Amino acid sequence: AKESLRGGHCYFTKEMEQETETRFRLLHNLRKAFDGDRLFMMYQPQVSVADGRPVGVEALLRWRTEDGAMIPPDRFIPLAESSGLIIHLGEWVMRTAMLQLRRLQTQTTFNLRMGINVSMAQFRHPEFLGVLDRAIAETGVDPSNIELEVTESIAMIDRLAVSRTLSSIAERGVKIAIDDFGTGFSSLSYLERLEVDRLKIDKSFVDKLQGDTADPRLSEMIVNLAKDLDLEVIAEGVETDEQLEWLKKINCDEAQGYFFARPLEETWLIEWLREQEQ
Ligand code: C2E
Ligand code: CA
Ligand code: CA
Ligand code: CA
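In the UniProt record's numbering, each number is its position in the sequence shown, counted from 1, plus 464.
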């Protein structure tokens, strides 16, 4: 018994070692990819539920490796966060998305907003507001067309500092959306005191607006909560016509998902927007 226990232990450390090595290699490759322009942005349209008009796009980061494979952000963002690389990377994302918005404004007639994901590590960084200001000034973008997407968990740490940062962002005219709303545990009374503009209903609730056992209760609750707090609300991960019909029924303002468009590279995004103009 002793032998096998020790064996198990050895096996465990070896596995951990391997994991550390994999993480290390991945981080090394991520830095190289970042320096070698292998990271790029895709943009997923957001539309008005009432009439389908495009209202904005969300910038989503992509990593294409040298052999053409795509590494999803869920795999490398956490690594970028824990290593600190996210600060530099996040600044690049911000500028790239803002420059893209400037180009979109000359290429379409829609007055679009640009949603930019901001991770917790970025948001809490002492230089965050400075980075935001410089990006706005240097790209010449209208701050009111920028919307930063932060997750609900942001509201659970360091409350005073967070609410100060949110107020400073609001002072600049930049919008704030709470991403993946409903999956965290932020207290509603606290949410009421935060300067945010929009709730993004998490896909897990939108998934339930579908089929014989459709259950719109949670989505509806979030929409009603948003209205009570005078916030806008958008549903994410909308994949079917049936889900869109539910969203109309419960008065959700906006929607985003494969049903309308997948995340698109610039050329295809512009093509898609042009089609909506007709
Ligand atoms: P998120 O912010 O919740 O983004 C929505 C994710 O859902 C995106 O995955 C998008 O491609 C996907 N999606 C959109 N519509 C549908 C749909 O109808 N069905 C399904 N199944 N999926 C849909 P993606 O692009 O893989 O991004 C994953 C996460 O990585 C994002 O979740 C966000 O948390 C993070 N992320 C992406 N780009 C950035 C970035 O530039 N900065 C930071 N900090 N995080 C980012
Ligand atoms: Ca998001
Ligand atoms: Ca989300
Ligand atoms: Ca998510």
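Heads up, the beta-carbon is just placed ideally off N, CA and C, and yes, glycines get one too.
Everything numeric in this text was worked out from a predicted model, so none of it was measured.
The beta carbons of Glu741 and Val513 sit no closer together than 8 Å. For Ala533, there is no enclosing beta strand (DSSP E), as DSSP marks it with neither H nor E. Restricting attention to Ile535, Gly516, Asp515 and Ala599, the CA atom closest to the CA of Leu524 is found in Ile535.
Asn688 and Glu656 have their C-alpha atoms spaced approximately 13 Å apart.
With a minimum length of 4 residues, the unbroken runs of alpha helix (DSSP H) contained wholly in the segment 532-592 fall at 537-547, 549-571 and 584-588.
For Glu611, there is no enclosing alpha helix (DSSP H); the enclosing beta strand (DSSP E) has its first and last residue at Ile610 to Thr615. In the three-state scheme derived from DSSP, where H, G and I count as helix and E and B as strand, Gly520 is classed as strand. Judged by the Cβ position, Asn609 fails to qualify as a neighbour of ligand 1 at the 7 Å threshold, every heavy atom of the ligand being at least this far. Taking all protein chains in view, the Cβ of Ala601 is surrounded by fewer than 16 other Cβ atoms within 10 Å, so the residue is classified as exposed. Under a 10 Å Cβ-count criterion, Leu708 is classified as buried, with 16 or more other Cβ atoms of the shown protein chains found around its own Cβ. In the three-state reduction of the DSSP assignment, Gln674 falls in the coil class, being assigned neither a helical nor a strand state.
Remark: the shortest separation between the CB of Glu522 and any heavy atom of ligand 2 falls under 7 Å. For Val660, the CB contacts under 8 Å within the same chain, skipping 5 residues up- and downstream, are Leu630, Ile640, Ala641, Ile642 and Leu695 in chain order.
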